[in-house]
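Novice: Pasting in a structure now, in structure tokens, and then I'll have a few things to ask.
Numbering (the working numbering), first residue to last: 1236 to 1480.
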């Protein structure tokens, strides 16, 4: 095989390049400063790509790790490598695979899965309660109330995860509903001027990526960027168990 042929076989696809670029951009944005990723970081992203780790799952892991660090008062810039979030990505991806397997009926529900889910939901409920406190401090009572209700419902779902009749698909559907309802209140807590600025910022970020997308893909990606802004603004954790992708 000629060298040119070998290069054509190994050349990354547009999807792969977008995957790497999105992870790199989000990591640097959360650090608050650009950073030249090391060969180790690129190797880690390559392993995620080869294992088909969903991009939203990686982005959610980054958000959670940096948010947890900020809550402790630790500087984001001190994180100098993607390896810092590796364990959180692995934990979420393991949960993702087990949940998908249960959904598809590929294997029986395990005690390990139950513990993982209960632990995850416990963290989510606590984070929602903290976000409610923050919203209340800023005078956003409606959002604070929605966050507290969401926290209580997540706790209730956590309790049901210990019962024999627990249905993971139904639980996931309800978590998605809770998340959607909370995000609606988060948007509603913004002034008209803030909403316009948020939409403009998300549009600018999307345009800067220079990606060619279908209209539907553009809409979904734009919505995802807007939600990331809202999560940071109101300290809202990812609630659903499965990242789409």
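Ideal Cβ positions, reconstructed from N, Cα and C, are used throughout, including at glycine.
Helix or strand or just coil, what does DSSP make of residue 1355?
Specialist: Against the chain shown, residue 1355 aligns to sequence position 120. In the structure shown, residue 1355 sits in a helix (DSSP, three-state: H, G or I).
Novice: So residue 1355 and residue 1330 are supposed to be a Cβ contact under 8 Å. How far apart are they, rounded?
Specialist: Position 120 of the chain shown, counted from the first residue, corresponds to residue 1355. Position 95 of the chain shown, counted from the first residue, corresponds to residue 1330. Contact flag correct, Cβ pair sits at about 6 Å.
Novice: Among residues of its own chain, excluding the 5 on either side of residue 1416, which ones have a beta-carbon nearer than 8 Å to its beta-carbon?
Specialist: Your numbering for residue 1416 matches position 181 in the chain shown. The answer, listed in chain order, is 1381, 1385.
Novice: Quick check on DSSP: helix, strand or coil for residue 1468?
Specialist: The sequence position of residue 1468 within the chain shown is 233, counting from 1. Residue state, collapsed to three classes: helix.
Novice: Taking a contact to mean a Cβ-Cβ separation below 9 Å, would you say residue 1261 touches residue 1463 in this structure?
Specialist: Within the chain shown, the letter at position 26 stands for residue 1261. Within the chain shown, the letter at position 228 stands for residue 1463. Contact: yes.
Novice: When the distance is taken between beta carbons, is residue 1404 closer than 9 Å to residue 1396?
Specialist: For the purposes of this step, residue 1396 is taken as residue 161 along the chain shown, with counting starting at 1. For the purposes of this step, residue 1404 is taken as residue 169 along the chain shown, with counting starting at 1. In this structure, residue 1404 does not lie closer than 9 Å to residue 1396 by Cβ.
Novice: Residue 1385 lies in the alpha helix (DSSP H); which residues open and close that run?
Specialist: To locate residue 1385, count along the chain shown from 1; it is residue 150. Element bounds for residue 1385: 1376-1395.
Novice: Just how far apart, CA to CA, sit residue 1323 and residue 1300?
Specialist: Counted from its first residue, the chain shown places residue 1323 at position 88. Counted from its first residue, the chain shown places residue 1300 at position 65. Each residue's Cα considered, the two are about 8 Å apart.
Novice: Take residue 1303 as the anchor and find which of 1467, 1476, 1367 has the nearest alpha-carbon.
Specialist: Along the chain shown, one-based indexing puts residue 1303 at 68. Closest in C-alpha terms to residue 1303, from the list 1467, 1476, 1367, comes 1467.
Novice: From residue 1347 to residue 1258, what distance separates their C-alpha atoms?
Specialist: Residue mapping note: residue 1347 aligns to position 112 of the chain shown, counting from 1. Residue mapping note: residue 1258 aligns to position 23 of the chain shown, counting from 1. Going from the Cα of residue 1347 to the Cα of residue 1258 covers about 29 Å.
Novice: Just mark residue 1359 as buried or exposed, buried being the case when its beta carbon has 16 or more other beta carbons within 10 Å.
Specialist: Working through the chain shown from its first residue, we reach residue 1359 at position 124. Buried: at least 16 other Cβ atoms inside 10 Å.
Novice: For a test of the three-state rule: what should DSSP assign to residue 1309, helix, strand or coil?
Specialist: By 1-based counting over the chain shown, the position of residue 1309 is 74. Note: residue 1309 maps to coil in three-state DSSP.
Novice: So the candidates are 1253, 1280, 1377, 1315; which of them puts its Cα closest to the Cα of residue 1267?
Specialist: Within the chain shown, the letter at position 32 stands for residue 1267. Checking every option, the nearest Cα to that of residue 1267 belongs to 1315.
Novice: Return yes when the Cβ of residue 1471 is within less than 9 Å of the Cβ of residue 1362, no when it is not.
Specialist: The sequence position of residue 1362 within the chain shown is 127, counting from 1. The sequence position of residue 1471 within the chain shown is 236, counting from 1. Against a cut-off of 9 Å, the Cβ pair of residue 1471 and residue 1362 comes out as a contact.
Novice: Could you have a look at residue 1257 and say whether DSSP puts it in helix, strand or coil?
Specialist: As a first step, residue 1257 must be located in the chain shown, where it is residue number 22. Looking at residue 1257 - three-state DSSP - the assignment turns out to be helix.
Novice: Can you name, in chain order, every residue of its own chain whose Cβ lies under 6 Å from the Cβ of residue 1288, other than the five neighbours on each side?
Specialist: Position 53 of the chain shown, counted from the first residue, corresponds to residue 1288. For residue 1288, where only same-chain residues beyond five positions count, the Cβ hits under 6 Å are 1328.
Novice: What would DSSP say about residue 1463, mapped onto helix, strand or coil?
Specialist: On the chain shown, residue 1463 is found 228 positions in, with the first residue counted as 1. Residue state for residue 1463 is assigned as helix, using DSSP reduced to three classes.
Novice: Quick check on DSSP: helix, strand or coil for residue 1283?
Specialist: Here residue 1283 refers to the residue found at position 48 when the chain shown is read from its first residue. In the structure shown, residue 1283 sits in a helix (DSSP, three-state: H, G or I).
Novice: Short check: CB of residue 1460 to CB of residue 1437, under 9 Å?
Specialist: The residue given as residue 1460 occupies position 225 in the chain shown. The residue given as residue 1437 occupies position 202 in the chain shown. With contacts defined by Cβ atoms closer than 9 Å, residue 1460 and residue 1437 form a contacting pair.
Novice: Quick one: give me the first and last residue of the alpha helix (DSSP H) that residue 1400 is part of.
Specialist: Residue 1400 sits at position 165 when you count from the first residue of the chain shown. Premise fails: residue 1400 is in no alpha helix (DSSP H) and is neither H nor E.
Novice: Report all residues from its chain with a CB closer than 8 Å to the CB of residue 1278; omit the five preceding and five following residues, and keep chain order.
Specialist: By one-based count along the chain shown, residue 1278 stands at place 43. So no residue of the chain qualifies.
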